[in-house]
Amino acid sequence: MPKRILSILIALIIVISTLLTACSEIPENSGVEDTFDVSDTSEDSTEPEDSSGAEEDSEEPALSENAWRTAKTAFPIVVDEITLKGMMPGDLKWEEQGVVKALEKLTNISIEMTVVPADTFEERKLVALASDEYPDFFYMAGLSAEQQMLYGQKSGALIDLLPMIEGGYAPNLSNFFYDADSAPTPTLASCLVDGKMYSLPYIYNGFDEGFIAINTAFLEKLELEMPQTTDQLLETLRKVKDGNPNGNKKSKEIGIASLYGSHYLTPFLGCFSIPTDGIYLDGSTVKLGAVQPEYKEFLEFFATCFEEELVDTRLKSNTVNDKDAVAELSANTIFMMYTGSTAVFGDHADDYTVFTLTDPANGKKVWSAPKDVEIGTFAITDKCEYPEAMLRWADYFYSAEGQKLLNMGVEGENYTLKEDEDGNSLWTPKKKAAATMSEWLTSFSILPTLTTVKAPGFYCYDIITTSSDEVAVKQSEYRLALNEITVPSYPTVTFTEDELAGLEGFAVLSNYIADMQLKFITGEADIEKDWDDYIEILEKYRVDSYVAIYQAAYDRYIESVK
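Residue 46 is where the sequence shown starts when you use my numbering, and the numbers rise one by one after that.
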């Protein structure tokens, strides 16, 4: 159709522009009722009269002609094996992964997966969609709201998943999308694009990966109390620097550090009563943290820390998970910010305890709630002949058993279970030749070691609480304790086309804020002399108009979930 051709031409232009500007056994007790009626799914069966769920005058049916072959709650998902094609980023060998074999046995769905290197996946994905040479589905798709509008709303390459969800083909995901009275939840609202759903989300489920840990061994060695205010924190850092608590005069103690460069800065914003330097909510009012007076106080605090070398001064050069940096920082740091398990501290893990944010001078502390969802993780295309079956396949990852399979593998092959003193089952990974947990995971799972692209599913607290890793359990308990000071984060919203156009410069604004944050802290810019100029430049960047767009989108979001 002309509409499809026009959309494809637009998409090709976007792709070209981007290129030019770019610098076993299944776990038992799955919890799913086996209600699949084989007699209703054989080749000789007749299709139920109401299986399509579509009106006669509809342009295309809400459900596919093969919907009746898909079980809504049972396994296998289909009686006769089907083969579907997908595309994902990563470097794994799909057909050799233990999770893949387990999923095939469970679902009766065979997947021919094209695994594309992560650094070229975005390009390959867009070229495939624009050239009409795309697979049945995209896994770990990384589809932005703009891409979903273009390839879903306009070209029709991505299909609307909502009718199938409402038709009962995603029983696990529906638990997140609808409450006990079948009313839509805010999670559902965050996943809609113009009232339709072109992708499945990753659901954070009330947890975030960030935390701060304090080296209690250092406090005990120097006979220091746990700091409660930012003033006390500053004095503690000074005493640690001069007190030689590690007993090694060849190494200099570091007050605050992170394996992610300046990543440790953001959580400490809560000490100054703002949850982030980006967009956040003050009640129902949208604000930008980087223009608030409290943000200036935050910068002044860390500028003092940097000048006195109370923080790791390698803000720009730290390498993520660099082994030498891990060993050095773990042995010499009093406060550590890290995204992941405190097990990263290795031999020093017992010295660290997750730490709540200190009280600022005004007695108020906050912690930003994690994102509600990450949209765009999984999408089904109009080429798929069994979309309901493919949705059921992805829906398994929204169950505790599905997450356990992804993250733990197959019992006996990848992990073992044993009971603790209280009779609770604990799992212990069988690492074999794997040197790290990451290597162990990628040896059997379909979750590649990517930090920026999410897979369909949710944060499963069950996995942590059944772990034999006491540090990981402690970390999760800490996150639960943060609920007392947690404030709502800005939700995942849908912007209109005009709003998206109006936000085109927001990335430039964010980069400027990040750049000036480092300059203020490191002394390249003087906070007192240059602050007014900084605010003036933000105003020239149209900061107020960006905030107004976020406010309008948030107001619509609130109306949609009432």
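For each residue, glycine too, the CB sits at the ideal point set by N, CA and C.
Remember, it's a predicted structure, so these values are computed and weren't measured experimentally.
Worksheet entry | Asp-181 to Glu-141 span [Cα, whole Å] | 21 angstroms
Item to complete: Measure the C-alpha to C-alpha separation of Glu-549 and Phe-540 and round it to an integer number of angstroms.
Response: Annotation: Glu-549 to Phe-540 spans about 12 angstroms, alpha carbon to alpha carbon.
Fill in: Glu-342 versus Val-399 - alpha carbon distance
It is roughly 25 angstroms from the alpha-carbon of Glu-342 to the alpha-carbon of Val-399.
Worksheet item: Taking the DSSP output, what are the residues bridged to Ile-154?
Response: Ile-127
Item to complete: Determine the DSSP secondary structure at Met-242, reduced to helix, strand or coil.
Response: coil
Item to complete: Would you list the one or two residues that DSSP bridges to Tyr-397?
Response: Asn-260
Worksheet item: Sorted by chain position, which residues of the same chain lie with C-beta nearer than 6 angstroms to Ala-593's C-beta, five sequence neighbours on each side aside?
Response: none
Worksheet item: Based on Cα-Cα distance, which residue from Asp-575, Lys-117 and Trp-412 lies nearest to Trp-438?
Response: Lys-117
Worksheet item: Using a Cβ-Cβ cut-off of 8 angstroms (strictly less than) and excluding sequence neighbours within five positions of Met-435, which residues of its own chain qualify?
Response: Leu-129, Ile-154, Asp-181, Phe-182, Ile-425 and Cys-429
Worksheet item: Do Phe-503 and Tyr-443 have their CB atoms nearer than 8 angstroms?
Response: yes
Item to complete: Look at the Cβ atom of Asn-459, then the Cβ atom of Lys-475, and state whether they are nearer than 8 angstroms.
Response: yes
Worksheet item: Where does Ile-319 land, buried or exposed, given buried means 16+ other C-beta within 10 angstroms?
Response: It is buried - the Cβ of Ile-319 has at least 16 other Cβ atoms within 10 Å.
Discussion item. Using a 10 Å radius around the Cβ and a threshold of 16 neighbouring Cβ atoms, would you call Leu-314 buried or exposed?
Written reply: Classification for Leu-314: buried.
Item to complete: With 8 angstroms as the threshold, decide whether the Cβ of Leu-206 is near any Cβ in chain C.
Response: The structure shown contains no chain C; it holds only a single protein chain.
Worksheet item: According to DSSP, which residues form a beta bridge with Asp-327?
Response: Thr-330
Worksheet item: DSSP on Val-145, reduced to helix/strand/coil?
Response: helix
Item to complete: Going by DSSP, name the residue or residues bridged to Lys-463.
Response: Answer by DSSP bridge pairing, in chain order: Leu-471.
Fill in: Minimum C-alpha distance to Asn-110 - residue among Lys-574, Tyr-431 and Leu-525
Looking at the sequence shown, residue 110 is not Asn but Glu. Taking only the C-alpha atoms, the option nearest Glu-110 is Tyr-431.
Discussion item. Considering only DSSP beta bridges, list what Ala-302 is partnered with.
Written reply: Beta-bridge pairing links Ala-302 to Met-381.
Fill in: Backbone secondary structure at Gly-502 - three-state DSSP
Correct three-state label for Gly-502: strand.
Worksheet item: Whose CA, out of Trp-472, Ala-119 and Glu-265, lies closest to the CA of Thr-281?
Response: Glu-265
Worksheet entry | Beta-carbon proximity check, Leu-355 vs Gly-300, cutoff 8 angstroms | Between Leu-355 and Gly-300, the CB-CB gap stays under 8 angstroms.
Worksheet item: Which word fits Ser-329, buried or exposed, when buried means at least 16 other C-beta atoms lie within 10 angstroms of its C-beta?
Response: Here Ser-329 is exposed: its Cβ has fewer than 16 other Cβ atoms, across all protein chains shown, within 10 Å.
Discussion item. So for Phe-182, helix, strand or coil by DSSP?
Written reply: Phe-182 carries a strand assignment under DSSP once its states are collapsed to helix, strand and coil.
Discussion item. Counting C-beta neighbours from all protein chains within 10 Å, is the total for Leu-525 16 or more, i.e. buried, or is it exposed?
Written reply: exposed
Worksheet item: By Cβ distance, which residues of its chain are closer than 8 angstroms to Ser-470, with the 5 residues on each side in sequence left out?
Response: Leu-462, Lys-463, Glu-464 and Thr-511
Worksheet item: Where does Thr-567 fall in DSSP's three states?
Response: In the three-state reduction of the DSSP assignment, Thr-567 falls in the helix class, which pools H, G and I.
Discussion item. Please report the straight-line C-alpha distance between Trp-576 and Tyr-586, rounded to a whole angstrom.
Written reply: 15 angstroms
Worksheet item: By a C-beta neighbour count over all protein chains shown, 10 Å radius and 16 as the cutoff for buried, is Glu-73 buried or exposed?
Response: Here the model assigns Glu-73 a pLDDT of 38, short of 50, so the residue's position is not dependable and the matter cannot be decided.
Worksheet item: Can you tell me the Cα-Cα spacing of Gln-596 and Glu-542, whole angstroms?
Response: 16 angstroms
Worksheet item: Near Pro-501, what residues of its chain come up, given a Cβ to Cβ distance below 6 angstroms and the 5 sequence neighbours on each side ignored?
Response: The residues Leu-245, Thr-422, Phe-423, Ala-439 and Phe-442, in chain order, have a CB closer than 6 angstroms to that of Pro-501 in the same chain once the five nearest residues on each side in sequence are set aside.
Discussion item. Please classify Asp-136 as buried or exposed, where buried requires at least 16 neighbouring CB atoms within 10 angstroms.
Written reply: exposed
Discussion item. Let's see if you can read the secondary structure: which residues bound the alpha helix (DSSP H) around Glu-542?
Written reply: 542 to 547
Discussion item. Helix, strand or coil, according to DSSP, for Leu-436 in the structure here?
Written reply: helix
Worksheet item: From Arg-114 to Asp-392, what distance separates their C-alpha atoms?
Response: 54 angstroms
Item to complete: Can you say whether Gly-240 is buried or exposed, counting buried as having 16 or more other CB atoms within 10 angstroms of its CB?
Response: Exposed.
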